[in-house]
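Encoded as structure tokens, the structure appears first; notes follow it.
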Amino acid sequence: MQVCGHLEVFGCFEVFGYFEVFGYFEVFGYFEVFGYFEVFGYFEVFGYFEVFGYFEVFGYFEVFGYFEVFGYFEVFGYFEVFGYFEVFGYFEVFGYFEVFGYFEVFGYFEVFGYFEKIKKKKKKKNEEEGGRRRMRRRQVKEEGEKKKNNKEEEDERRRRKEEEKAIRYMQVSGAALLTHLTPSR
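The sequence shown runs 1 to 185 under the UniProt record's numbering.
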């Protein structure tokens, strides 16, 4: 373990592997590292934080809620989590990354630029179900209206075709009538 800057811990702090801090580091809750862990910049945890593998931060990093990493994790820029966040595989951020709600990565995930995941408040299941039903009813109604409009358009086309056919028939029979009525030379 190596610390070259300011380090504060007000709760339980465990390291079973190599740990480095060259800048400001704060933990006000439970913090665990069982593998290699590095911080070269500002790092904050106000809640439960776990790392069981390789973890790097070269810039500003914040966690105010539960955060887990069971694999390789890198941050070279600004990174924020205000809610529950999980990584069970390789995860990279080279730019700004924000999560204000639950976020999961079980495989490889990359961000080389700005990424934002702000989860809306969860609705009650009944409200969601009711919303889904309303949307489905609206969808069925719209589909019915489309079918009705298509049928009306098709009927209109059919009627026009029949009118054109009748007009052509009248023109042809009129021409035939004219040939019968005109005297031959």
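Using N, Cα and C, we set each Cβ at its ideal position, and we do this for glycine too.
Counting along the chain, where does the beta strand (DSSP E) carrying residue i start and finish?
i    : result
F61  : F61 to V63
F55  : F55 to V57
F49  : F49 to V51
F43  : F43 to V45
F100 : Careful: F100 lies outside any beta strand (DSSP E) and carries neither H nor E.
Per DSSP, residue i forms a beta bridge with which residues?
i   : result
V75 : V57 and V93
Q2  : E20
V27 : V9 and V45
E38 : E20 and E56
E14 : E32
Which word fits residue i, buried or exposed, when buried means at least 16 other C-beta atoms lie within 10 angstroms of its C-beta?
i    : result
G59  : buried
G144 : exposed
G131 : exposed
F10  : exposed
V63  : buried
V3   : exposed
V140 : exposed
G41  : buried
F91  : buried
G5   : exposed
F97  : buried
F25  : buried
F16  : exposed
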